[in-house]
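*Asks:* Take 2 as the starting number for the sequence shown in the working numbering and just add one per residue. C-beta: ideal position from N, C-alpha, C; glycine also. Please read all numbers here as calculations on a predicted model, not as lab measurements. Just passing along the structure, written as structure tokens.
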Amino acid sequence: MRWYRHRLLRRGPVWALVPPLVIGLIGLIALAVGSGPIAAVIGVMGTVWAAPGLLAVGAPIGDAAVYPFAVLGSAVGWAILAAIAARRAVRSPVA
């Protein structure tokens, strides 16, 4: 069972980036393709849920030049959160 713990500790933070990536891509596609208020709400909410760092830099009103840094910071935050969760998950002898 040790291989499972090792795999969870190593790959957990990487796999934790997949759901925010999918939600963010859905939001970006909604912003790019849609033109109505529903597409705007889906786009902004999806991108902000996927990358909470965007709120810190003032998205959607702030300077777009800092958006990549906010997305990168959010990805690092999600990976750190996943690493903490993985360590807590394998702490139990059941895992």
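1) Have a look at 82, 10, 51 and 42 and flag the residue whose alpha-carbon is nearest the alpha-carbon of residue 68.
2) Leaving aside the five residues before and after residue 9 along the sequence, list all residues of the same chain whose C-beta is less than 8 Å from its C-beta, in chain order.
3) Rounded to whole angstroms, what is the Cα-Cα separation between residue 27 and residue 75?
4) Report the three-state DSSP secondary structure of residue 35 (helix, strand or coil).
5) Please return the same chain residues whose Cβ sits closer than 7 Å to the Cβ of residue 99, not counting the five positions on each side in sequence.
6) Helix, strand or coil for residue 17 per DSSP?
7) Quick check on the DSSP output: the alpha helix (DSSP H) that includes residue 78 runs from which residue to which?
8) In or out: residue 72 buried (at least 16 other Cβ within 10 Å) or exposed?
9) How would you call residue 55, buried or exposed, if buried means at least 16 neighbouring beta carbons within 10 angstroms?
10) Cβ atoms of residue 77 and residue 60: under 8 Å apart, would you say?
*Replies:* The short version:
1) For the purposes of this step, residue 68 is taken as residue 67 along the sequence shown, with counting starting at 1. That would be 51, whose Cα lies nearest to the Cα of residue 68.
2) Against the sequence shown, residue 9 aligns to sequence position 8. For residue 9, same chain residues with a beta-carbon under 8 Å away, outside a window of 5 residues either side, are 87, 90, 91 and 96 in chain order.
3) In the sequence shown, counting from the first residue as 1, residue 27 sits at position 26. In the sequence shown, counting from the first residue as 1, residue 75 sits at position 74. If I take the Cα positions, the gap works out to 17 Å.
4) Counting from one through the sequence shown, the residue named residue 35 turns up at place 34. Here residue 35 carries a coil assignment [DSSP, helix/strand/coil].
5) Nothing about residue 99 can be read from this structure; the chain reaches only from 2 to 96.
6) For the purposes of this step, residue 17 is identified with residue 16 of the sequence shown, where counting begins at 1. Here residue 17 carries a coil assignment [DSSP, helix/strand/coil].
7) Residue numbering aside, residue 78 sits at position 77 when the sequence shown is read from its first letter. Run containing residue 78: 68-91, per the alpha helix (DSSP H) assignment.
8) For the purposes of this step, residue 72 is taken as the residue at position 71 of the sequence shown. The residue is buried, with at least 16 neighbouring Cβ atoms inside 10 Å.
9) Your numbering for residue 55 matches position 54 in the sequence shown. Per the 10 Å Cβ criterion, buried.
10) In the sequence shown, residue 60 corresponds to position 59, counting from 1. In the sequence shown, residue 77 corresponds to position 76, counting from 1. Between residue 60 and residue 77, the C-beta spacing is not below 8 Å.
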